[in-house]
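> Please see the structure below; I have some questions.
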Amino acid sequence: MKEILVVGGGFAGVWSAAGAVRRARAAGDDGDELHVTLVSDRDDLVVRPRLYEANPESMRVPLNGILDPIGVSRVTARVVSIDVAEHTVQTLSSLRIEIPAKPLS
1183 MKEILVVGGG
1193 FAGVWSAAGA
1203 VRRARAAGDD
1213 GDELHVTLVS
1223 DRDDLVVRPR
1233 LYEANPESMR
1243 VPLNGILDPI
1253 GVSRVTARVV
1263 SIDVAEHTVQ
1273 TLSSLRIEIP
1283 AKPLS
C-alpha cells in the first residue's frame, strides 16, 4: 500500500490530499492501494479570500466534512519539525508520525 502524509489543513493541504485520492481513483484504485493522512492543528478550513465579508466565522468548513467522504484520515496536531533522515514528523504534543519511506512513483 502506498501512503501519503500531508502536513497542513489549509487550501494547499486539503487540495493535495483530495487530489491524491482523485488521481488514485482515476487510475482504478478502490481505496485499498493508497492511504492519505492529513495533519492539521485546526478542525476547520477557513475560506480566507472571503474574510473581508461580514461574519467571517461563517467562512469555516469542517475538515472532517471534506476529508471523511473521500477516505482521508486526519490527525489533529501541530507539526513542529520534520526529520527527513529519520522519516518522522514531530508534533507539539510529542506525537511522532512516520513519513512513508519510499517515494511514490
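Throughout, our numbering is defined as the position within the sequence shown, counted from one, plus 1182. Where a beta carbon is used, it is the ideal one built from N, C-alpha and C, also for glycine. Note that the structure is predicted; figures quoted are calculated from it, not measured.
Determine, using beta carbons only, whether Leu1216 and Ala1206 come nearer to each other than 7 angstroms.
yes
> Could you give the distance in angstroms between the alpha-carbon of Arg1278 and the alpha-carbon of Val1254?
19 angstroms
> Can you tell me whether Pro1251 is helix, strand or coil according to DSSP?
helix
> Considering Cα atoms alone, identify which of Arg1260, Ala1283 and Val1257 is closest to Glu1268.
Ala1283
> So Gly1195 and Leu1220 are supposed to be a Cβ contact under 8 angstroms. How far apart are they, rounded?
6 angstroms
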